[in-house]
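Colleague:
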Amino acid sequence: MSKFTLEKIDAENVKKIDTHESVSIVNIPALQKQKDDLEKQIAVMQQQLVQINEVLDEYKKLPQT
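Per my numbering, the very first residue in the sequence shown carries number 1; after that it's consecutive.
#1: State the Cα-Cα distance for the pair P63 and Q34, rounded to the nearest angstrom.
#2: Hey, how far is the Cα of K16 from the Cα of V55?
#3: Taking Cβ positions, are V23 and V14 nearer each other than 8 Å?
#4: So what does DSSP say about E12, is it helix, strand or coil?
#5: Are the CB atoms of K40 and T19 nearer to each other than 8 Å?
In structure tokens form, the structure reads like this:
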């Protein structure tokens with residue numbers, strides 16, 4: 001069973017009706033932009049994580065005193 005249904009309002013907006021009877025208006029272009037922005041942020045964070053892991057891996061190879 002779906003957690004929500006969508007009802008088209010116009011070319012860019014839909015009404016999102018949750019199963020617990022709350023209703024949200026969602027602007028699809030804005031939602032797509034938010035998704036794109038989040039994906040870019042995740043890509044940046046993933047690259048930072050790779051760089052951190054590289055440094056930590058090299059650190060583990062250093063002689064321990």
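Every residue gets a Cβ at the ideal spot worked out from N, C-alpha and C, and that includes glycine.
The model shown is predicted, which means the values in this text are computed figures rather than measured ones.
Modeller: This is what the structure holds:
#1: Sequence index remark: in the sequence shown, residue 63 carries index 63 (1-based). Sequence index remark: in the sequence shown, residue 34 carries index 34 (1-based). Taking the straight line from one Cα to the other gives about 46 Å.
#2: For the purposes of this step, residue 16 is identified with residue 16 of the sequence shown, where counting begins at 1. For the purposes of this step, residue 55 is identified with residue 55 of the sequence shown, where counting begins at 1. Between K16 and V55, the C-alpha separation is close to 45 Å.
#3: By one-based count along the sequence shown, residue 23 stands at place 23. By one-based count along the sequence shown, residue 14 stands at place 14. Going by C-beta atoms, V23 is not nearer than 8 Å to V14.
#4: Stepping through the sequence shown from its first residue, residue 12 is reached at position 12. Three-state result, E12: coil.
#5: As a first step, residue 40 is located in the sequence shown; it is residue number 40 there, counting from the start. As a first step, residue 19 is located in the sequence shown; it is residue number 19 there, counting from the start. Using a Cβ distance threshold of 8 Å, K40 and T19 do not count as a contacting pair.
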